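Note sheet for the following structure.
Right, dumping it as structure tokens:
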């Protein structure tokens, strides 16, 4: 014979219901704001020789590799490059903007010693101290 506690199952289902309801509400709010105002993410290239350009429907990044990195710009997104080092990704879908900005940043995330790499404009890179040198 098995005894189940019904109250625990009911509480779990109601919490899942409220979580999914809040998720739907937030997604709907993001859709409304995206259509009326739009969303934007800004990225910054830090490092000698790091450059970005837009060629047609491609974003071309020179990030210190032996080859330029070409990324196709998804439909519904606009990419602007200012001063060859600042990238602005804008559009109406918050999720796709975040995914595309993260895929750009993934190629060369900022490193903690010199701070070189692709970073969000509002991101603060936590720097580390280098080797202190050998003490005698």
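In our numbering, the protein residues as written are 3 to 138. The beta carbon of each residue, even a glycine, is placed where N, CA and C say it ideally should be. Quantities reported herein were computed from a predicted structural model and do not represent experimental measurements.
(message) Let's test the definition: count the other Cβ atoms within 10 Å of the Cβ of residue 110 and tell me whether it reaches 16, buried, or not, exposed.
(response) buried
(message) Using 8 Å for Cβ pairs, my map puts residue 71 next to residue 63. What's the rounded Cβ distance?
(response) Yes, residue 71 and residue 63 are in contact; Cβ-Cβ is about 4 Å, under 8 Å.
(request) Would you check if the region 106-121 and the region 27-40 touch, i.e. whether three or more CB-CB distances between them fall below 8 Å? (result) no
(message) Tell me the DSSP secondary structure of residue 53 in three-state form.
(response) strand
(message) How far does the alpha helix (DSSP H) with residue 96 in it extend, from its first residue to its last?
(response) 96-109
(request) Could you check the C-alpha separation between residue 87 and residue 118 for me, to the nearest Å? (result) 12 Å
(request) Check whether the Cβ atoms of residue 81 and residue 56 sit closer than 7 Å, and answer yes or no. (result) Their beta carbons are under 7 Å apart, which means residue 81 touches residue 56 by this criterion.
(message) Between the alpha carbons of residue 125 and residue 42, how many angstroms are there, rounded?
(response) 15 Å
(message) Checking 7 Å against the spacing of the C-beta atoms, do residue 40 and residue 94 come in under that value?
(response) yes
(message) Check this for me: beta carbons of residue 130 and residue 112, under 7 Å apart or not?
(response) no
(request) Kindly identify the DSSP beta-bridge partner or partners of residue 166. (result) Past the edges of the chain, shown from 3 to 138, lies residue 166, and the structure says nothing about it.
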